[in-house]
Each structure stands twice: as C-alpha cells, then as structure tokens.
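Input: a single structure, listed below in structure tokens.
Protein chains: 2
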Amino acid sequence: MQLIKGGVCAPKGFLAGACHCGIRKSQSKSDLAIIYSKKKAQTAAVYTTNQVKADCIYVTKEHLENHEAQAIICNSGNANACAPHGRENALREGAACAQTLGISSEDVIVASTGVIGQELPIQCIEEGVSQIQLQEDGSDVAAQAIMTTDTRSKDCAVRFEIDGIPCHIGGICKGSGMIHPNMGTMLAFITCDVAIDAQLLQKALLENTKKTFNRVSVDGDTSTNDMCVVMANGMARNKPITMEDEAYASFKEALKTVMENLAIQIAADGEGASRLLSVTVYEAETEEQAETLAKSICSSSLFKAAMFGSDANWGRVLCAMGYSGVDFELSKVDVSFASQFGKIQVCSQGRGLDFDEEMAKKILSADSIQVLVCLGQKDQVVTCWGCDLTYDYVKINGDYRT
Amino acid sequence: MQLIKGGVCAPKGFLAGACHCGIRKSQSKSDLAIIYSKKKAQTAAVYTTNQVKADCIYVTKEHLENHEAQAIICNSGNANACAPHGRENALREGAACAQTLGISSEDVIVASTGVIGQELPIQCIEEGVSQIQLQEDGSDVAAQAIMTTDTRSKDCAVRFEIDGIPCHIGGICKGSGMIHPNMGTMLAFITCDVAIDAQLLQKALLENTKKTFNRVSVDGDTSTNDMCVVMANGMARNKPITMEDEAYASFKEALKTVMENLAIQIAADGEGASRLLSVTVYEAETEEQAETLAKSICSSSLFKAAMFGSDANWGRVLCAMGYSGVDFELSKVDVSFASQFGKIQVCSQGRGLDFDEEMAKKILSADSIQVLVCLGQKDQVVTCWGCDLTYDYVKINGDYRT
Chain A
4 MQLIKGGVCA
14 PKGFLAGACH
24 CGIRKSQSKS
34 DLAIIYSKKK
44 AQTAAVYTTN
54 QVKADCIYVT
64 KEHLENHEAQ
74 AIICNSGNAN
84 ACAPHGRENA
94 LREGAACAQT
104 LGISSEDVIV
114 ASTGVIGQEL
124 PIQCIEEGVS
134 QIQLQEDGSD
144 VAAQAIMTTD
154 TRSKDCAVRF
164 EIDGIPCHIG
174 GICKGSGMIH
184 PNMGTMLAFI
194 TCDVAIDAQL
204 LQKALLENTK
214 KTFNRVSVDG
224 DTSTNDMCVV
234 MANGMARNKP
244 ITMEDEAYAS
254 FKEALKTVME
264 NLAIQIAADG
274 EGASRLLSVT
284 VYEAETEEQA
294 ETLAKSICSS
304 SLFKAAMFGS
314 DANWGRVLCA
324 MGYSGVDFEL
334 SKVDVSFASQ
344 FGKIQVCSQG
354 RGLDFDEEMA
364 KKILSADSIQ
374 VLVCLGQKDQ
384 VVTCWGCDLT
394 YDYVKINGDY
404 RT
Chain H
4 MQLIKGGVCA
14 PKGFLAGACH
24 CGIRKSQSKS
34 DLAIIYSKKK
44 AQTAAVYTTN
54 QVKADCIYVT
64 KEHLENHEAQ
74 AIICNSGNAN
84 ACAPHGRENA
94 LREGAACAQT
104 LGISSEDVIV
114 ASTGVIGQEL
124 PIQCIEEGVS
134 QIQLQEDGSD
144 VAAQAIMTTD
154 TRSKDCAVRF
164 EIDGIPCHIG
174 GICKGSGMIH
184 PNMGTMLAFI
194 TCDVAIDAQL
204 LQKALLENTK
214 KTFNRVSVDG
224 DTSTNDMCVV
234 MANGMARNKP
244 ITMEDEAYAS
254 FKEALKTVME
264 NLAIQIAADG
274 EGASRLLSVT
284 VYEAETEEQA
294 ETLAKSICSS
304 SLFKAAMFGS
314 DANWGRVLCA
324 MGYSGVDFEL
334 SKVDVSFASQ
344 FGKIQVCSQG
354 RGLDFDEEMA
364 KKILSADSIQ
374 VLVCLGQKDQ
384 VVTCWGCDLT
394 YDYVKINGDY
404 RT
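Keeping their order, the protein sequence lines are chains A and H. Residues 4 to 405, numbered by our numbering, are exactly what the first sequence covers, in order. Residues 4 to 405, numbered by our numbering, are exactly what the second sequence covers, in order.
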C-alpha cells in the first residue's frame, strides 16, 4: 500500500468540481461541490448520532436505501438544519445535482455544512450547479468548497492491490469545530474503484469509523450534519469482494489508512488549534477501557488549555481519567509526554515525579504532542486524537455567524 | 427566611480565621483556613465522584464515620492529590489543627485545593496553624484563604425560624475551574446552629446538592478534591429535628437557599467568565429530561463561546440538546434569550424565526443571561447554571502551575 495524490479523484472513474454559487457572500470562497462517479457505485454511509439532524441527512438516508449512488452534492455556508423548508430544499438540492448530471435524484447524496437555523438559499444552488466543471483533478477544488472554519483542505489517497490488481481509495473531508467522538463528527467523502458487496462496504466503514473518526475530539460537540460516505464503483475490475476473505481484509486496511489519515488531519486543524494531541493509553485491560480513558483526556478543556500553554500539568490527565467512568488502578499508572524534542516521564505509579520543567516545556512546545499513559494491566492499546484549546477557538466561536 | 451577613460565622458558636502559612509564595494571599464550632456538631458531607481522589477526601471520610466534627482545616495552593506522602500529610494537617484547637484529630475535616501531584509542604501548615486567629467575624478571611483562581470570595447566610426559634445557616465556598455537575464540584463549607439528627442532615444535604451544586458547570471537569460539608451544632436550641416533619422541611428549604446562592456565585465566577448563564428548560416531561438537556446546553463549548461573543446562535442550543442522549420533540421546541435588557424569541417549533439581531446582541451583552427552552410537553422545570467560554479561561488554564 502506498500513499498517492489525487484525493477523491485518485480512484478510476471519479470526477469532482466546485463553484461559488452565492451561499457565502465572499466571492473568493467556493461553496458548492460535486463528486461524480462515471458508474453507479455501491455506497455505504454513517451519520451523526445527534437527535437533531439536518434534513439532508434524512434525504441521503432515503436515497441510500438501495445502497447505490452516483454523485455527492455538498454545500458549505448553511447547514440546512432546523431551517424553514429544510426537507423541501434538501430534496431540491439533490434534484438540481441529478438534473445537471443526467442521473436519477435517488442516486444523489446530499450534504450541507454551516450555520444552523437559516433557510438554505436554494435558488443559488439551483442556478450555480450548472457552473461546476467536473474534472479528473478536481478533488482539491471540491475539498476547498466544503470547508467552513477549516484552515486547510484535507485529502488522502492510497494505492493497493487485490489479487495483483491495482485498486485505489481516496477521500476528502472537512471538520474543525463541533468535533467529538460519536460518529460522523464531520463530513468525509471517500471514493474507491474496488468492486465490493454493499453490506461488506458498510461493515468495513462502520468498524473503521469506530477506530478513526470516532477517536477524534475537538470540542465535545457532535454536529447535526455529520456524515461519512464511501462510494465503490468497481472500475478497478478486481474480482468482486463478497465475503470476509483476504481481499476484504486488504480493502478494509487500506480504507482504514485513508480514514485515519483524514481523522488526524481534522484533529490537527481543530478550530483554533495550535497543536495536535495524540493520546495513547496502553497496557490496558480492554480496548473499551483504553478508549474511554484516552477520549476523556482528549476532551478535557483543562488539559487542552494546559497543552496550549506547554504546561506539563499531568494532574489533569489523571483527573480526566478519574471522571471518565471506567475503572483503573491509580497505583499502576505511569504518564509521559513526548514529541520530536524528546520524551519525559512525569508520573510513576500514580504519584508525581520530580522532572525537568525546562525539558518538559520544550517537549510540549512542538506542533504534535504524544501523551503516553501506561495502565500496567494487560496489553490493549488505543490512540485518540485531539487538539489544544486556544484563544482562537474562543474567538472563532464567539462570533461564528457574522 | 431572610438573607443576612456573616457567612459561616452567622450561626451561633462558629468562629473562623486564616493565615498565610507559606504554601503560596505570595505573602499577600492567605492559604490556610480554619472553621471551628464551640460545640461538637452533627456533620454531613458529599464528595467528588472522581475515581482519583485526593488523600484529604479519604481522611475526612474516615473522620466522619461517626457523623461528628468540630473543625474544618482547608489549605489552598496544593491539592495533595496524587502527591508523594499524600495520606501521611493529610493526617498531619488534621492533627495540627486538632492540636492547636485542643480537640481530637477525628473531629477535624481536612480539605485541600490547588495543583495536583506536588508534595504538600506540611511543615508550613504545622508551623502556620497556630498563627490563625479565630474570630466571630472571620468568615470572609477564611473564604479568601480557600480561593484559587476565584476572583472573589463567596459566602451566603440566612436566618429562619423553627417553632418560633431563630436559626441560622451560613456558608462559604470556592470553585472556579474544574466545575461540572457531578457532586462536589468545588469546596463548600456550611455551618448551622440547628439541632438535627445526622442522618436527616445528610439526606437534606444530598438532595439539595443534586438541585444546586450539581446543576452548575464551568468546564466539564470534575475535580479530585471536591467536597461539600455541613456542620450543625444545635446551639440555636430548637427542638431537635428527628423526623421529616415541618421543621425538617423549613430547614431543608433554608439550606437549599444557601446552597443555591453559593452555587450561582460559583457559576458567575467561573474561570475567565464574563457572564453568568442560567438555562431553564420548562414544560418538560420529566425532571431528569429537563436537567439533562439544561446541563448539556450549559456544558457546550460552542454555545459558551457564542455567549461570550453575544451571538444569538441558538442552533447550538438545539445541537447540544440533540446530543444530550435524551428524547424530546424537536417540532415543539421554542427557544428565547432574556436579560435585564429584554427578551427575544429566536426559535419556534424547532425552526428559526426572523429576529432582530441588534436587539438580540443587546440582550446578550448583559452580565447575566437567561436561556429559556420550552419543550411543550408537560410541566417539569429545571434551571442549570454556567458561564461563557472566554479568552481568559484559556489564559488561566494554559499556565496554571506557574
């Protein structure tokens, strides 16, 4: 398996494009994207668990009842959630895309991201959709159009083989605020040219989601619009994957690579973030225990603020573990911090160590920091990702709508 | 019932005092407080639910097995949690207090607040404790000595009657960061001169805690050291309360008044807070439903940041309700914002209203803001309290230990 360029257009038969249709006032920021497959694709999706869901989520669920799709339309600048004429406008957005591509409305996935509660300017979309030029190198243009407070577009693609046949998986995603481990947590559109049964595609997506996107937290808020979709158009011409064999395992692993890569990009670009935090809990009794503890650390506002200040305040690591709701043996817990600048242990067997504060400060000044928590129990390991809590997070969210 | 001055010294027979013993470097900030009752008091307490507990919590629990105490010693500047010689030092802190007061160590409640993981400088405490002058007007001196990042000392006291006999309840508390609804959530020391059975005292404390301190959230982090204690020395000479009669009801209501007042002071002085948020969910089906929804709104970083920016981003209210885990009917939800500057409805039946943005901005510029969420179901009402998320929260917590 190797990382390649091209994002969602890396797999055979996928085109993408975008335009500024006018949902956003600024002409310089595109706001409408389409991803298109030349062949109808087996399609799987996971959605936000938020009880308040945008209307596009319901429409997409209906369209995917037959596990097939041929295009994704996604607008930024308006979430079409809790908004007047929400359902009608989500249906019209899908229909506009279908019409311009000459496909059926039922084969269109509809996604939106942006402010909640304002009516979607559907006419902008209906008029703008025909301006979109679909191109073989259109992935980044599409990735840019779905950004909200993201500071950079996010993509990833891999090439791998199934029975000697080259296959490709590519993805783009957006997500910066409202990021919390509970499915979805963002928009991610993944394409692949693999031939695979829809049920197996759904299974691989779901299991990988739990270990990738659901292990990212920016601020503990799960959005109303989150969606992760994977389309598989079969154009690689591999022998179709219809059981959980070696080919399935290879596919699932490649898919996980793309999803994990995208998930980490989301954590690193968390709203206002200055550092990526990777929290690894190891020597755990169970995977669930390790995951709950790692997520609790990643989600602690106090810990995240300490990381912003490069302050080795490991007491907040233990405190967050303590209120996570799962058991562990405090007297066996070791904590270390690491980065490109070195590694330092700060807590041994649940008690503070005398450590070199200068060295700790240096280690925690890096852009990417590892928090290593050893439970001293069994052999389970889980890593979760997050970011620090900064002035800019407050600034961005203190004035999001204006 | 009327509000009076005097804090923990308002009830008969209670004295308080404090000193700077040297845990904190700054001479100008006192760091050691004692509250003393002339008579041994029936005593009840609730503690942090964090699995990682400071050693003083364990020591206090042991000392309160007989439900009796005569003094509270509390230091700030060091939490004595996950710290070398933690248990030994907590015991020595209690013994030092007992010795200077000429009482038994088992009658001393030990509390600490401050940084986690550093060894408590117990010699400072042992040497400093004799400097403390206990006084009848010492409540505020004690309240100041237990502050950490609090910007103001917090107290409350009431006078009320039981069978025509004047009784008093007073309290001081501290709490600013690491505040989240899950017992404790801070240090609160409450005194009263009521004669009451220890079991009933515990019951009143526990039930009131659920509706007061546990409905406050600053940052979602539950501390290792939280404790709320109430001492009842019986010096008001009322007929002892031994059953859940009218006298008990009066007492419980007066105690709730003090606790709610202190809880709101904690929310208003949340780390870096510029505004107090009161979130009321009404016309709910059940109290649990209303409480879960109100807490979820109060705890949302995105919503808190919007309030900092006086941004009427009510979508974040619905979003936080949606991921709270409890059911409600979105199509029946109304949302309004209110303050001293007026009231404005922003959402009706789950959909956005066209509202006057200028007016909303003005309303949300107040120091105290009400968020009113009507579920349109039955008649349950719950209010929770929180504060906005500001640059100063990040600043305080980015550099807490230095």
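Even glycine gets a Cβ: it sits at the ideal position worked out from N, Cα and C.
Rounded to whole angstroms, residue 178 of chain H and residue 56 of chain A show a C-alpha spacing of 36 Å. When only Cα atoms are considered, residue 264 of chain A and residue 159 of chain A end up about 7 Å apart. Under the 8 Å Cβ criterion, the stretch 33-43 of chain H counts as touching the stretch 145-162 of chain H, having at least three qualifying pairs. Counting every other CB atom within 10 Å of its CB across the protein chains shown gives residue 189 of chain H a total of 16 or more, marking it as buried. Annotation for residue 356 of chain A: 348, 349 and 350 place their beta carbon closer than 8 Å to its own, counting only its chain and skipping 5 residues before and after.
Relative to residue 231 of chain H, the option among H/208, H/243, H/140 and H/17 whose CA is nearest is H/208. Relative to residue 132 of chain A, the option among A/138, A/96 and A/120 whose CA is nearest is A/96. Interface criterion met: the Cβ of residue 317 of chain H is under 8 Å from a Cβ in chain A. Interface flag for residue 80 of chain A against chain H is unset, since no Cβ pair is found closer than 8 Å. When Cβ pairs closer than 8 Å are counted between the two stretches, the stretch 377-389 of chain H is seen not to touch the stretch 198-213 of chain H, the count staying below three. When 7 Å is used as the limit between beta carbons, residue 401 of chain A is near these residues of chain H: 308, 309, 311, 312 and 314, in chain order. When A/53, A/70, A/4 and A/54 are compared, the shortest CA-CA separation from residue 234 of chain A is found for A/70. The beta carbon of residue 335 of chain H lies closer than 6 Å to those of 379 in the same chain, with the five residues before and after it left out.
Proximity to residue 21 of chain H across H/64, H/76, H/72 and H/46 peaks at H/76, based on C-alpha coordinates. Looking at the backbone, the Cα of residue 369 of chain A and that of residue 333 of chain A are separated by about 28 Å.
Between the stretch 121-130 of chain A and the stretch 76-96 of chain A, the count of Cβ pairs shorter than 8 Å is three or higher; the stretches touch. For residue 282 of chain H, the secondary structure class from DSSP, reduced to helix, strand or coil, is strand.
For residue 354 of chain A, the nearest beta carbon of chain H is closer than 8 Å to its own beta carbon. Legend: CB atoms of the stretch 112-128 of chain H lying less than 9 Å from CB atoms of chain A belong to residues 118, 119, 120, 121 and 122. With a 10 Å radius around the Cβ and a threshold of 16 neighbouring Cβ atoms, residue 215 of chain A comes out buried.
At least one beta carbon of chain H lies nearer than 8 Å to the beta carbon of residue 397 of chain A. Look at residue 158 of chain H here: in three-state DSSP terms it is strand. Your pair residue 272 of chain A and residue 155 of chain A checks out as a contact, with CB atoms roughly 6 Å apart and the cut at 8 Å.
When DSSP states are grouped into helix, strand and coil, residue 326 of chain A belongs to the coil group. At least one beta carbon of chain A lies nearer than 8 Å to the beta carbon of residue 226 of chain H. The count of Cβ pairs closer than 8 Å, one atom from the stretch 286-295 of chain H and one from the stretch 198-207 of chain H, stays below three, leaving the stretches out of contact.
The Cβ atoms of residue 16 of chain A and residue 238 of chain A lie closer than 8 Å to each other. Contact of residue 293 of chain H with chain A by beta-carbon distance below 7 Å is absent, the smallest such distance being about 16 Å. Neighbours of residue 350 of chain H in chain A, taken as residues whose beta carbon is under 9 Å from its own, are 85 and 120 in chain order. Taken through DSSP and simplified to helix, strand or coil, residue 319 of chain A comes out as helix.
Think of a sphere of 8 Å around the beta carbon of residue 324 of chain A: the chain H residues whose beta carbon falls inside it are 54 and 55, in chain order. By the C-beta density criterion, residue 252 of chain A is exposed, having fewer than 16 other C-beta atoms within 10 angstroms.
At a cut-off of 8 Å between beta-carbon atoms, residue 393 of chain A makes contact with chain H.
For residue 27 of chain A, the closest C-alpha among the options A/277, A/116, A/141 and A/398 is that of A/116.
Neighbours of residue 330 of chain H across chain A, judged by C-beta separation under 8 Å: 54.
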